[in-house]
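Here the structure comes first, spelled out in structure tokens, and everything after it is commentary.
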Amino acid sequence: MFNQHLYGVAVNWDDIPATEIRPGVRRKVYSTDEIMLAWHELAVGMTLNPHHHDDFDQLVLIHQGRCTYYVDGVGHDLGPGSMLLVPKGAEHYIEPVEGPCVNVDVFAPPRADFRDAVWLPEGP
């Protein structure tokens with residue numbers, strides 16, 4: 001579905017427009033048919049959003065800023081280059097403490113609820 005549009009196309013996050021999800025949260029989504037990357041820019045003081053996913057693990061990579069990332073009530077202090085694997089079913093949320101905090105989430109398989117937000121390059 002997505003791969004045919006992406007083969008041989010170099011992409012930079014700066015090329016992908018961000019969507020404001022709620023105050024203090026902006027998202028960009030890049031996806032192949034097998035894996036999805038979701039870039040989130042998060043403001044200090046944003047509304048926290050505890051949630052869980054029953055269908056997939058979530059790999060978190062902090063690109064910029066600092067945060068406390070909570071998994072099943074345990075806080076993890078993360079900064080640029082930090083990674084954390086969130087197991088499916090675990091309640092989790094991020095609290096930016098120095099921002100903006102940019103985290104890139106990796107989902108395999110891709111999240112169905114983010115499919116409409118996937119960026120694709122313009123055709124020739």
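full-length UniProt numbering applies: residue 1 is where the sequence shown begins, and numbers increase by one.
We put the beta carbon where it would ideally sit given N, CA and C, even for glycine.
Does DSSP put residue i in a helix, a strand or coil?
i, result
"His-63", "strand"
"Asn-3", "helix"
For residue i, which beta-bridge partners are listed by DSSP?
i, result
"Ile-94", "Tyr-69"
"Lys-88", "DSSP output for Lys-88 lists no bridge partner at all."
"Glu-20", "Arg-26"
"Met-36", "Ser-31 and Phe-107"
"Leu-78", "Cys-67"
"Glu-122", "Looking at the DSSP assignment, Glu-122 forms no beta bridge with any residue, so it has no partner."
Looking at residue j and residue i, is the spacing between their C-beta atoms short of 8 angstroms?
i, j, result
"Ala-90", "Val-71", "yes"
Counting pairs of beta carbons, one from the region 63 to 74 and one from the region 115 to 123, are three or more of them closer than 8 angstroms?
-> The region 63 to 74 vs the region 115 to 123: no contact.
Would you be able to state if there are at least three C-beta pairs under 8 angstroms between the region 17 to 24 and the region 50 to 64?
-> Remark: fewer than three beta-carbon pairs, one from each stretch, lie closer than 8 angstroms, so the region 50 to 64 and the region 17 to 24 are not flagged as touching.
Please confirm if the region 76 to 84 is in contact with the region 34 to 46, defined as three or more CB-CB distances below 8 angstroms between the two stretches.
-> No contact exists between the region 76 to 84 and the region 34 to 46.
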